[in-house]
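**Q**
Protein chains: 2
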Amino acid sequence: MPKFKVSYAPSVRRLPSYLLLAKQAQEHGDEYISGTLIALELSLEPIQVRKDLSITGIAGKPKRGYPVVPLISAIESYLNWDKRVDAIVVGAGNLGSALSGFPGFKQHGLYIVAGFDADPGKVGSTIHDSPVYPISQLAERIVSMNIAVAILTVPSANAQDVATILVSAGIKAIWNFTNVKLKVPDDVVVQNEDLSSGYAMLSMKRRIKSALMLDDAD
Amino acid sequence: MPKFKVSYAPSVRRLPSYLLLAKQAQEHGDEYISGTLIALELSLEPIQVRKDLSITGIAGKPKRGYPVVPLISAIESYLNWDKRVDAIVVGAGNLGSALSGFPGFKQHGLYIVAGFDADPGKVGSTIHDSPVYPISQLAERIVSMNIAVAILTVPSANAQDVATILVSAGIKAIWNFTNVKLKVPDDVVVQNEDLSSGYAMLSMKRRIKSALMLDDAD
DNA sequence: TAGATTGTTAATCGATTAACAATC
DNA sequence: TAGATTGTTAATCGATTAACAATC
Numbered sequence: 001m002p003k004f005k006v007s008y009a010p011s012v013r014r015l016p017s018y019l020l021l022a023k024q025a026q027e028h029g030d031e032y033i034s035g036t037l038i039a040l041e042l043s044l045e046p047i048q049v050r051k052d053l054s055i056t057g058i059a060g061k062p063k064r065g066y067p068v069v070p071l072i073s074a075i076e077s078y079l080n081w082d083k084r085v086d087a088i089v090v091g092a093g094n095l096g097s098a099l100s101g102f103p104g105f106k107q108h109g110l111y112i113v114a115g116f117d118a119d120p121g122k123v124g125s126t127i128h129d130s131p132v133y134p135i136s137q138l139a140e141r142i143v144s145m146n147i148a149v150a151i152l153t154v155p156s157a158n159a160q161d162v163a164t165i166l167v168s169a170g171i172k173a174i175w176n177f178t179n180v181k182l183k184v185p186d187d188v189v190v191q192n193e194d195l196s197s198g199y200a201m202l203s204m205k206r207r208i209k210s211a212l213m214l215d216d217a218d
Numbered sequence: 001m002p003k004f005k006v007s008y009a010p011s012v013r014r015l016p017s018y019l020l021l022a023k024q025a026q027e028h029g030d031e032y033i034s035g036t037l038i039a040l041e042l043s044l045e046p047i048q049v050r051k052d053l054s055i056t057g058i059a060g061k062p063k064r065g066y067p068v069v070p071l072i073s074a075i076e077s078y079l080n081w082d083k084r085v086d087a088i089v090v091g092a093g094n095l096g097s098a099l100s101g102f103p104g105f106k107q108h109g110l111y112i113v114a115g116f117d118a119d120p121g122k123v124g125s126t127i128h129d130s131p132v133y134p135i136s137q138l139a140e141r142i143v144s145m146n147i148a149v150a151i152l153t154v155p156s157a158n159a160q161d162v163a164t165i166l167v168s169a170g171i172k173a174i175w176n177f178t179n180v181k182l183k184v185p186d187d188v189v190v191q192n193e194d195l196s197s198g199y200a201m202l203s204m205k206r207r208i209k210s211a212l213m214l215d216d217a218d
């Protein structure tokens, strides 16, 4: 039984980068990877890497670093990435298709097993080997396939309506790529992926940089 | 001449949501929008909205809220979204294509005027009305079109090489959708858009929710 | 006027960073 | 052993939140 620190967003967001480096070290045949090296690669402070890695419970070895194989397992376990999760993509446009084909996801246990679209022209096609069904079959197929996670890439105008259907069909987690603040019950998790926020950051960094030549913030 | 507080990431990330609500209020014919209402819509604290909006310099009116039209202008101006910016997409796959067609970007002044791809099969096609060129012409076309912003959606394996070309051709800002930590000179701005981080957050929220029924963190 | 809302100043909270002993 | 690196404890920094006077 793992302990649950309710700990915390910034660290969790950095874990995937650490995982990637650990996997690269493993491929390279290294037995250990140091926090110092990770920090160097990612332009972070070593103390921050050590602090972050402490949430995985893996003990490092002075002078060597963290044991690569246990570290990988611990991060994957912490994120639940060591168990397969089936998901659907709702909105089989370019973005939905891109996400279906994203190579990292399967590595993280995320399998996109079906797509749904309102466009009859898309129905019957596939997105990266997964079938695309009409959106009218959304609820019934969520139930029959026992899906818990949905990736939402429909036009904003339809986002809330589709989310409501998802929830009533039993979906417990929505990865929301629309700019709509979804209204869902308390027991449903929503992760918003807001491209405009990212572009706002880029815009602000540009302005600051051109004005002063200053520092970065992610 | 605007003042530059070097202020700050979390607030800046929220500005686009405020902008969207302000525009909706404008369409609805409202003259003012209150921080209280914005907070309610976005599940934020009113004090946080007021604090965030203070960086735009717009003064609200007690009992009414913030004047919609000046607020929109101020946010757009703060983010430099009131000026047209031409950009290219490097990697004209599904993700690049999805970004090219993202309706919000043009509204924010971001025009994707060309795509580039290594696949000869893609060259000569278009992504949302913009031509796709061979990646061999990247440097020369950046110079001739005088482009400052590039959106990077190539496979990880090529990310650093392409970024190096971009920089040497004069690109000053890279919106990086790969999971590679790019090495670029000091005067080049990079905004990383890491899908794995988002999925890590979703995964952790699911685990916490199922373990305890707890709170959210974006 | 009464009451809702703003904006300022101060307090709290959480994340990052510093210092340093422990250790391989 | 010497020195690099970890992990803990404390300090700092920045963001969020609270309190409340000002005001429309």
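Read top to bottom, the protein sequences are chains B and Z.
Mapping the first sequence onto the working numbering, position 14 (from 1) lands on 14, and the numbers just tick up by one.
Mapping the second sequence onto the working numbering, position 204 (from 1) lands on 204, and the numbers just tick up by one.
Idealized CB from N, CA, C, for every residue including glycine.
Which stretch, first to last residue, makes up the beta strand (DSSP E) that contains Ser130 (chain Z)?
**A** Segment Ser130 to Pro134, the beta strand (DSSP E) holding Ser130 (chain Z).
**Q** Could you name the residues of chain Z that Ser73 (chain B) contacts, counting a contact when the two beta carbons are closer than 8 angstroms?
**A** Per Cβ cutoff of 8 angstroms: no residues; Ser73 (chain B) is ~15 angstroms from chain Z at best.
**Q** Shorter than 8 angstroms from the beta carbon of Val154 (chain Z) to some beta carbon of chain B?
**A** Not one chain B Cβ lies under 8 angstroms of Val154 (chain Z).
**Q** Can you give the beta carbon distance from Ile112 (chain Z) to Ile142 (chain Z), rounded, assuming they're within the 8 angstroms contact cut?
**A** So it is not a contact: roughly 14 angstroms between Cβ atoms.
**Q** Would you say Leu54 (chain Z) faces chain B, with C-beta separation under 8 angstroms as the test?
**A** It is Ser, not Leu, that sits at residue 54 (chain Z) in the sequence shown. Chain B, which has no Cβ nearer than 8 angstroms to the Cβ of Ser54 (chain Z), makes this no.
**Q** Identify every run of the alpha helix (DSSP H) within the segment 30-81 of chain Z, keeping only runs that are complete inside it and at least 4 residues long; order them along the chain.
**A** Entirely contained in the segment 30-81 of chain Z, the alpha helix (DSSP H) runs reaching 4 residues are, in chain order, 35-42, 46-54 and 68-78.
**Q** Could you check where the beta strand (DSSP E) with Leu110 (chain B) kicks off and where it finishes?
**A** Element bounds for Leu110 (chain B): Leu110 to Asp117.
**Q** Taking 8 angstroms as the CB-CB limit, is Val12 (chain Z) close to chain B?
**A** Closer than 8 angstroms to some Cβ of chain B, the Cβ of Val12 (chain Z) qualifies, so yes.
**Q** Going along the chain, which residues of its own chain have a beta-carbon closer than 8 angstroms to the beta-carbon of Asp82 (chain B), five neighbours each way excluded?
**A** Here the set comprises Ser73, Glu76 and Gly109.
**Q** When you compare the CB of Ala217 (chain B) with every CB in chain Z, is at least one pair closer than 8 angstroms?
**A** Residue placement at Ala217 (chain B) cannot be trusted, given a pLDDT of 45 that sits under 50; the coordinates are not used to answer.
**Q** Thinking just about the alpha-carbon of each residue, which of B:Gly101, B:Phe105 and B:Ser97 is nearest to the one in Asp117 (chain B)?
**A** Selected option, being the one with the closest Cα: B:Ser97.
**Q** Please tell me whether Ala139 (chain Z) and Ile165 (chain Z) are closer than 8 angstroms, where the distance is taken between their beta carbons.
**A** Taking 8 angstroms as the Cβ cut-off, Ala139 (chain Z) and Ile165 (chain Z) qualify as a contacting pair.
**Q** Which class does Asp161 (chain B) belong to by DSSP, given the choice of helix, strand or coil?
**A** Note: Asp161 (chain B) maps to helix in three-state DSSP.
**Q** Scan the segment 90-102 of chain Z for residues whose Cβ lies nearer than 9 angstroms to a Cβ of chain B and list them as they occur along the chain.
**A** Answer in chain order: Gly93, Asn94, Leu95, Gly96, Ser97, Ala98, Leu99, Ser100, Gly101 and Phe102.
**Q** Taking the CB atoms as reference points, tell me whether Gly35 (chain B) and Gly60 (chain B) lie closer together than 8 angstroms.
**A** Result yes, Cβ atoms of Gly35 (chain B) and Gly60 (chain B) sit closer than 8 angstroms.
**Q** Do you know how far the Cα of Leu182 (chain Z) is from the Cα of Val189 (chain Z)?
**A** In a straight line, the C-alpha of Val189 (chain Z) is about 10 angstroms away from that of Leu182 (chain Z).
**Q** Would Glu193 (chain B) be called buried (16 or more neighbouring beta carbons within 10 Å of its own) or exposed?
**A** Classification for Glu193 (chain B): buried.
**Q** Please identify the residue among B:Asp186, B:Phe177, B:Asn176 and B:Ile171 whose C-alpha is closest to the C-alpha of Asp86 (chain B).
**A** Comparing Cα-Cα distances from Asp86 (chain B) to each of B:Asp186, B:Phe177, B:Asn176 and B:Ile171, the minimum goes to B:Ile171.
**Q** Helix or strand or just coil, what does DSSP make of Val12 (chain Z)?
**A** If DSSP states are grouped into helix, strand and coil, Val12 (chain Z) belongs with the helices.
**Q** Reducing DSSP to helix, strand and coil, say where Ile208 (chain B) ends up.
**A** Ile208 (chain B) falls in the helix class under three-state DSSP.
**Q** Can Ala150 (chain B) and Ile174 (chain B) be called in contact, C-beta distance under 8 angstroms?
**A** Yes, these two residues count as a Cβ contact at 8 angstroms.
**Q** What's the call for Ala159 (chain Z), buried or exposed, on a 16-neighbour Cβ count within 10 Å?
**A** Answer is buried; the Cβ neighbour count reaches 16.
**Q** Assuming Tyr32 (chain B) contacts Val68 (chain B) (C-beta within less than 8 angstroms), just tell me the rounded distance between them.
**A** Contact holds; Cβ gap of about 6 angstroms.
**Q** Does the separation of the CB atoms of Leu15 (chain B) and Glu41 (chain B) fall below 8 angstroms?
**A** No.
**Q** With DSSP run on the structure shown, which of helix, strand or coil describes Asn176 (chain Z)?
**A** Note: Asn176 (chain Z) maps to strand in three-state DSSP.
**Q** Does DSSP put Val143 (chain B) in a helix, a strand or coil?
**A** Helix at Val143 (chain B).
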